[in-house]
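*Asks:* Protein chains in written order, with my numbering: chain B, 843 to 1121; chain Y, 64 to 323. The following block contains the structure, expressed as structure tokens.
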Amino acid sequence: MNEALRAGIGLRAIHHREVIARGPAVGWFEAHSENYFARGGSPREVLVGVRRNYPLSLHGVGLSIGSTDPLDATHLAEIVRLTRELEPMLVSEHLCWGSVGGRFTNDLLPLPYTEEALSHMVSRVSQAQDALGRQMLIENVSSYLQFEHSQIDEWDFLAELARQSGCGLLLDVNNVYVSAMNHGLDALRFLNGIPHEAVREMHLAGHSIHTVGGREIRIDTHSAPVCDDVWSLYSAALERFGPVPTLIEWDSEIPALDVLVEEAHKADRALETHHARAA
Amino acid sequence: MPALRELQLAFVASMFDESDAVRAHVREEGMSAEARLGIYRNNLREGFIKALALGFPVIERLGGTDYFRQRALEYLAAHPSRSGNLHYIGAQFAPFLARKFAGTQYAYFADVAALEWAYQEAQVAADADALSPEAFANVAAEDYERLTFEFHPACHFVQSRYPIVKIWRANQPETLSDEVIDLDAGGDNVLVLRTPECVELHRLPAARFALFDALNRGEDLGTALERGEALESGFDFGAALRHLVELRILTTLRVPALST
């Protein structure tokens, strides 16, 4: 099996030493770009070391690509520099915004799904891809609210963004599930609305359930194992999109490296089942 | 229908300024718009506190978790993040604490925070090769006082009237201690530097600190030596310069041409 078609895991600071010392049996690593903007020092050295031994994906969480402020040229230049230096297999950002008027929430905020927002995102993604000189993937986010004036379904918005900008899609299966549950949407309908050929990567993660104002809401905390419903939805996604590079994300209350590796192996078994069936 | 920019400005105002202008644009769907926005406000606050605590673990331990959370929220209100890179959120924390606690028993928090910020900056600074001792071989004796240097980008100089290194060490996971530290036991002149292995804190005698700090700010060797001599009679600058070279923190040496 191609290495990138075995599941990967997120590269997190608390595992740096162990990853370098042990070289865990995972297909690839994904790094949050912002964590490696440093020009020197040990985190950077670790990332270069990981890149020598594994395929790498650079995943941005701070570009605020959907903001109506001018695109942050310095931030983008850092992503371009890292990309040129490390030549990752994939570079991704989110369908979101996180700042306006110079104030940053450092969060992944939902956009209204309107024609205006679509044309704004198409132009911003194109700008970023032009700077990178390559395709970027855009990931769907978990959301806890929808805007009154949204007129386009999220899956159609993603499909149009991919078609008009030429970007690929990073389908976060957990985010599809979380948003579907929070907004009473049909997760399978979401998957079926995403163009088959646009999906280049998938994310799997854990979320948590909270009660707010007497109502249950799912929050994308990346703090737990992938839940059974999301594993089922992942099978459905593999069925539709084929075996694309899949990542286990775990960013808070991060467990021992072996726990992440075991989650990745679980995803490998789903990928293998799909392969066996496709063969 | 609000324009995208108008919506985003209203949304961010509801995150930072208690404004409710964005509420009208949020679908209620079984949960109030305010409760939905509250989830994002909570994410923002918790994410900010967590990121700040990662950078300032000593301040968090000195004040305790609840105390730190309160200070972090006040700091968030005064200095919202200005970058998509969370590294920078701590840049104004030490000056913020200095203003808040000036003249109180907590005045030393600002200096400890300045040390922790220097530590964070040292961790992410660029790599650079140290100047080899041979670089001095070709310097003519009469040129010495006009020499200027560049320091390794990870070097930072932090000065405090409090024993901040002792405080810092007593609050590290590896060297945790509940020892009572006398705040008036004398201050620290700290050089923060990075070796290939880790970031190190070096306490320097006042005169040596003044010399190194002046050189780091671009003063020539003659002027910088005078700063050392002003602080210590019989200042042994030969020993100080040997120490400077041994620390391997100089990266460039320049002999400016004489102006005629």
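Glycine included, each C-beta is placed from N, C-alpha and C at the ideal position.
Is there contact between the segment 1007-1021 of chain B and the segment 1032-1048 of chain B, where contact requires at least three CB pairs shorter than 8 Å?
*Replies:* Taking 8 Å as the limit for Cβ pairs, the verdict is that the segment 1032-1048 of chain B does touch the segment 1007-1021 of chain B.
*Asks:* In this structure, does DSSP put N948/B in helix, strand or coil?
*Replies:* Within the first sequence, residue 948/B is the residue found at index 106, counting from 1. Under the three-state reduction of DSSP, N948/B is assigned to strand.
*Asks:* Closer than 7 Å between beta carbons: that is the criterion. Which residues of the segment 186-211 of chain Y meet it against chain B?
*Replies:* Q186, V187, A188, A189 and D190
*Asks:* Hey, does Q71/Y have any beta-carbon neighbour from chain B nearer than 9 Å?
*Replies:* As a position in the second sequence, residue 71/Y is number 8, starting the count at 1. So yes, Q71/Y belongs to the interface.
*Asks:* Which term fits Q235/Y, buried or exposed, when burial requires 16 or more other beta carbons within 10 angstroms of its beta carbon?
*Replies:* Here residue 235/Y refers to the residue found at position 172 of the second sequence. So Q235/Y counts as exposed.
*Asks:* Please list, in chain order, the residues of the segment 874-904 of chain B that have any C-beta partner in chain D closer than 7 Å.
*Replies:* Structure shown: chain D not included; protein chains present are B and Y.
*Asks:* Locate the alpha helix (DSSP H) running through A140/Y, then write down its first and last residues.
*Replies:* Translated into positions along the second sequence, residue 140/Y becomes position 77. Taken as a continuous stretch (DSSP letters only), the alpha helix (DSSP H) holding A140/Y covers T128 to A141.
*Asks:* Count the C-beta pairs between the segment 107-124 of chain Y and the segment 140-154 of chain Y that are closer than 8 Å, then say yes if the count reaches three, no if not.
*Replies:* yes
*Asks:* Which residue spans inside the segment 924-974 of chain B form an unbroken alpha helix (DSSP H) run of at least 4?
*Replies:* 957-974
*Asks:* Give the residues of chain B in contact with F74/Y, contact being defined as C-beta atoms less than 8 Å apart.
*Replies:* For the purposes of this step, residue 74/Y is identified with residue 11 of the second sequence, where counting begins at 1. Those within 8 Å of F74/Y in chain B are V942 and L951.
*Asks:* Could you name the residues that DSSP lists as bridge partners for R266/Y?
*Replies:* Counting from 1 along the second sequence, the entry for residue 266/Y is found at position 203. Its beta-bridge partners are V253/Y.
*Asks:* Tell me whether the segment 859-874 of chain B and the segment 1093-1110 of chain B touch, counting them as touching only if at least three CB pairs, one residue from each stretch, are closer than 8 Å.
*Replies:* yes
*Asks:* Taking a cut of 7 Å between CB atoms, which residues from the segment 976-1007 of chain B lie near chain Y?
*Replies:* Those would be Y986, L987, Q988, F989, E990 and H991, in chain order.
*Asks:* In the structure shown, what three-state DSSP assignment does G1091/B receive?
*Replies:* As a first step, residue 1091/B must be located in the first sequence, where it is residue number 249. Gly is not the amino acid found at residue 1091/B; the sequence shown has Glu there. Residue state, collapsed to three classes: strand.
*Asks:* Can the beta-carbon of G291/Y be found closer than 9 Å to that of L274/Y?
*Replies:* The residue you call residue 291/Y lines up with position 228 of the second sequence. The residue you call residue 274/Y lines up with position 211 of the second sequence. It is a contact, given that the beta carbons lie within the stated cut-off.
*Asks:* Helix, strand or coil: which one does DSSP assign to H874/B?
*Replies:* Here residue 874/B refers to the residue found at position 32 of the first sequence. Three-state result, H874/B: strand.
*Asks:* Quick one: any contact between the segment 96-110 of chain Y and the segment 224-232 of chain Y, if contact means 3 or more CB pairs under 8 Å?
*Replies:* no
*Asks:* For E208/Y versus L284/Y, is the C-beta distance shorter than 9 Å?
*Replies:* Taking the first residue of the second sequence as position 1, residue 208/Y is located at position 145. Taking the first residue of the second sequence as position 1, residue 284/Y is located at position 221. It is a contact, given that the beta carbons lie within the stated cut-off.
*Asks:* For H219/Y, which residues in the same chain have their Cβ closer than 7 Å to its Cβ, ignoring the five residues on either side in sequence?
*Replies:* On the second sequence, position 156 is the one that residue 219/Y refers to. Within the same chain, H219/Y has close Cβ partners A181, E184, A185 and V255.
*Asks:* Could you check if L937/B belongs to the surroundings of the ligand SAH, using beta carbon to heavy atom distance under 8 Å?
*Replies:* Absent from the structure shown: the ligand SAH. Ligands present: none.
*Asks:* Any chance the segment 1021-1036 of chain B sits against the segment 985-993 of chain B, with 3 or more Cβ pairs inside 8 Å?
*Replies:* yes
*Asks:* Please check if any C-beta of chain B sits within less than 9 Å of the C-beta of V89/Y.
*Replies:* As a working mapping, residue 89/Y is identified with position 26 in the second sequence. A Cβ of chain B is located within less than 9 Å of the beta carbon of V89/Y.
*Asks:* Just how far apart, CA to CA, sit V888/B and V308/Y?
*Replies:* Counting from 1 along the first sequence, the entry for residue 888/B is found at position 46. Counting from 1 along the second sequence, the entry for residue 308/Y is found at position 245. So the two alpha carbons sit approximately 28 Å from each other.
*Asks:* Please list, in chain order, the residues of the segment 135-161 of chain Y that have any C-beta partner in chain B closer than 9 Å.
*Replies:* P143, S144, R145, S146, G147, N148, L149, H150 and I152
*Asks:* On a CA-only basis, which of A135/Y, I312/Y and A270/Y is nearest R257/Y? Give me that one, please.
*Replies:* Your numbering for residue 257/Y matches position 194 in the second sequence. Ranked by how close their Cα comes to the Cα of R257/Y, the residues A135/Y, I312/Y and A270/Y have I312/Y in first place.
*Asks:* Assign D1062/B to one of three DSSP states: helix, strand, or coil.
*Replies:* As a first step, residue 1062/B must be located in the first sequence, where it is residue number 220. Correct three-state label for D1062/B: coil.
*Asks:* Is M963/B closer than 9 Å to Q971/B when the C-beta atoms are compared?
*Replies:* In the first sequence, residue 971/B corresponds to position 129, counting from 1. In the first sequence, residue 963/B corresponds to position 121, counting from 1. Against a cut-off of 9 Å, the Cβ pair of M963/B and Q971/B comes out as no contact.
*Asks:* Taking one C-beta from the segment 120-139 of chain Y and one from the segment 232-249 of chain Y each time, how about it: are there three or more such pairs within less than 8 Å?
*Replies:* yes
*Asks:* When burial is assigned at 16 or more other CB atoms within 10 Å of the CB, is S884/B buried or exposed?
*Replies:* Start at 1 with the first residue of the first sequence, and residue 884/B comes out as number 42. By the neighbour-count rule (16 or more Cβ atoms within 10 Å), S884/B is buried.
*Asks:* Exposed or buried, Q71/Y, counting other C-beta atoms within 10 Å across all chains shown (16 or more means buried)?
*Replies:* Taking the first residue of the second sequence as position 1, residue 71/Y is located at position 8. Classification for Q71/Y: buried.
*Asks:* Determine, using beta carbons only, whether L107/Y comes closer than 9 Å to chain B.
*Replies:* Here residue 107/Y corresponds to residue number 44 of the second sequence, with the count starting at 1. Yes - at least one Cβ of chain B is within 9 Å of the one on L107/Y.
*Asks:* Inspect the CB distances between the segment 951-968 of chain B and the segment 1080-1097 of chain B and report whether three or more fall short of 8 Å.
*Replies:* no
*Asks:* Could you tell me which chain B residues have their CB closer than 9 Å to the CB of I102/Y, listed as they occur along the chain?
*Replies:* The residue labelled residue 102/Y in the question sits at position 39 within the second sequence. Simply Y986, L987, H1052, V1054, I1059 and I1061.
*Asks:* Give me the DSSP bridge partner(s) of L900/B.
*Replies:* Residue numbering aside, residue 900/B sits at position 58 when the first sequence is read from its first letter. DSSP output for L900/B lists A873/B and V933/B as bridge partner(s).
*Asks:* Restricting to runs no shorter than 3 residues, where is the beta strand (DSSP E) found entirely within the segment 997-1062 of chain B?
*Replies:* 1010-1014, 1041-1047, 1050-1054 and 1057-1061
*Asks:* Please give me, in chain order, every unbroken run of the beta strand (DSSP E) with length at least 3 that falls completely inside the segment 147-172 of chain Y.
*Replies:* none
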